[in-house]
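Reading through the structure tokens given below for one structure.
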Amino acid sequence: MSAPNNSYDPVRVAALAPDEVDRMTAEALAAIAAAADFDELKQARLAHQGGRAPITLASAEIGALPPEARAEAGRRISAAKRAIAEALTARQADLEAERDRRVLIDEVADVTLPWNRYPAGARHPVTTLAERISDVFIGMGYEIAEGPEVEAEWYDFDALNFPPDHPAREMQDSFWIGRPDGAGRSGLVLRTHTSPVQVRSMLTRPLPLYVVSPGKCFRTDELDATHSPVFHQIEGLAVDEGLTMADLRGAISTFVAAMFGEGLRTRLRPDFFPFTEPSADVSMECHVCRGASTEPGAPPCRVCRSQGWIEIGGCGMVNPRVLIACGIDPDRYSGFAFGMGIERTLMIRHGVTDIRDTLEGDVRFTAAFGVEA
Ligand code: PHE
9 MSAPNNSYDP VRVAALAPDE VDRMTAEALA AIAAAADFDE LKQARLAHQG
59 GRAPITLASA EIGALPPEAR AEAGRRISAA KRAIAEALTA RQADLEAERD
109 RRVLIDEVAD VTLPWNRYPA GARHPVTTLA ERISDVFIGM GYEIAEGPEV
159 EAEWYDFDAL NFPPDHPARE MQDSFWIGRP DGAGRSGLVL RTHTSPVQVR
209 SMLTRPLPLY VVSPGKCFRT DELDATHSPV FHQIEGLAVD EGLTMADLRG
259 AISTFVAAMF GEGLRTRLRP DFFPFTEPSA DVSMECHVCR GASTEPGAPP
309 CRVCRSQGWI EIGGCGMVNP RVLIACGIDP DRYSGFAFGM GIERTLMIRH
359 GVTDIRDTLE GDVRFTAAFG VEA
């Protein structure tokens, strides 16, 4: 710092001369304006506002001026510093705005681009529905039982009390497995229903017994809107002391309530299956019109074809002959069984009108059921 200068000497305080201050200011403003990014602006700030900046050094010279010159020089310096500070602030704001604009452009997401190039796979609705149905029975204490799809004739028919000449055993109804040497039947059949799993369960599991068995079944049906040579059933079987048809009915009502809604009535009508006695077909009140479509003049119901009832499966009390074939004492134990088509349940529940939709593997069909894991 210079010594006090009582006799004003314009040379020694050249740094405070108006031209010089203007020059330093112009230089600072030019550097600030030229700062192309935050780094350069930081450098400009250090060079023109920091402790070693010409303007800072100049302001330290004010004390060297004669007292009458200090006020004016001080004002000049202040104005210069203010101009520099304002320029720095303005440039900082410009650079920030520019960065924000660039971020908006650089990081813009084109929401019209296809996003899902590899859509997640989904399990088939027949599979997820089979699990849902199983869960209803698991909630009642049932276990899952499985059996082979290529089944011995004895399990599929004999043990289930199908007489040897029963039409279901005919080639026209069942897919028989030939012998490798081509010489006639092998005694193996693609199982025509899930009922052989009843037999397997009774032969291998301890009593009392409560099982459900979902699985694939095969029949030589022509593929059309309501038939498929490959389809799924879910079978329920309970064997315990003192079981009656009331228990069977309770199991079915619980299933219907869980799948189609509370308060729907169920109806059992006499039917025939070799492995149950008595046997019944199971219907439930139409979950869409709840019977209203049967009233005179009412609008028709597509789902139940204005019948008010929808048939959902077969059931009955396990035939004592089947219990005996499986080594169970029919005087002590009784059982009930029921079987339902899973595709059929899916079609009723979701208004699917063509069973072929469940077979073709078109994701537009399956995706409508959601991507349940
Ligand atoms: N297995 C029978 C069918 O395929 C259905 C059924 C199962 C009937 C259990 C009664 C009891 O048609």
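Using the working numbering, the first residue of the sequence shown is number 9, and each one after it goes up by one.
Note that beta-carbon positions come from the ideal geometry of N, C-alpha and C, so glycine has one too.
It should be emphasised that the depicted structure is a prediction, and the values quoted were computed from it without experimental measurement.
Residue i CB to nearest heavy atom of the ligand PHE below 8 Å
| i | result |
| --- | --- |
| A287 | Strictly speaking, residue 287 in this sequence is Ser, with Ala absent from that position. It does: the Cβ of S287 is within 8 Å (strictly closer) of some heavy atom of the ligand PHE. |
| A345 | yes |
| E243 | yes |
| F281 | yes |
| S182 | no |
| H201 | yes |
| T284 | yes |
| C225 | yes |
Rounded straight-line distance, which links the Cα of residue j to that of residue i
| i | j | result |
| --- | --- | --- |
| S261 | L215 | 24 Å |
| T135 | T252 | 31 Å |
| G192 | E178 | 13 Å |
| R298 | G258 | 20 Å |
| A288 | R199 | 22 Å |
| R131 | A167 | 34 Å |
| I63 | G71 | 14 Å |
| G190 | Q315 | 49 Å |
| G322 | G244 | 11 Å |
| A81 | V29 | 9 Å |
| V116 | R110 | 9 Å |
| C225 | T202 | 7 Å |
| V296 | F263 | 17 Å |
Environment of residue i [buried if 16+ CB atoms lie within 10 Å]
| i | result |
| --- | --- |
| S236 | buried |
| R387 | Any question about residue 387 goes unanswered here, given that the chain covers just 9 to 381. |
| R352 | buried |
| S86 | exposed |
| L211 | exposed |
| D108 | exposed |
From the options, residue whose alpha carbon lies closest to that of residue i
| i | options | result |
| --- | --- | --- |
| G347 | L256, A43 and E159 | L256 |
| A39 | G349, I92, G195 and L65 | I92 |
| A333 | P204, S142 and F373 | P204 |
| H240 | T366, T374, H56 and D108 | T366 |
| F281 | L272, N327, G271 and V311 | N327 |
| I242 | S301, R140, I318 and D229 | R140 |
| I152 | T97, G59, A265 and L217 | L217 |
Distance cut-off 8 Å: residue i Cβ against heavy atoms of the ligand GDP
| i | result |
| --- | --- |
| C323 | Of the ligands one can find in the structure shown, namely the ligand PHE, none is the ligand GDP. |
Integer Cβ distance of residue i from residue j, believed to fall under 8 Å
| i | j | result |
| --- | --- | --- |
| L382 | A43 | Outside the shown range of the chain (9 to 381) lies residue 382, about which nothing can therefore be said. |
| V144 | M267 | 7 Å |
| G155 | R208 | 5 Å |
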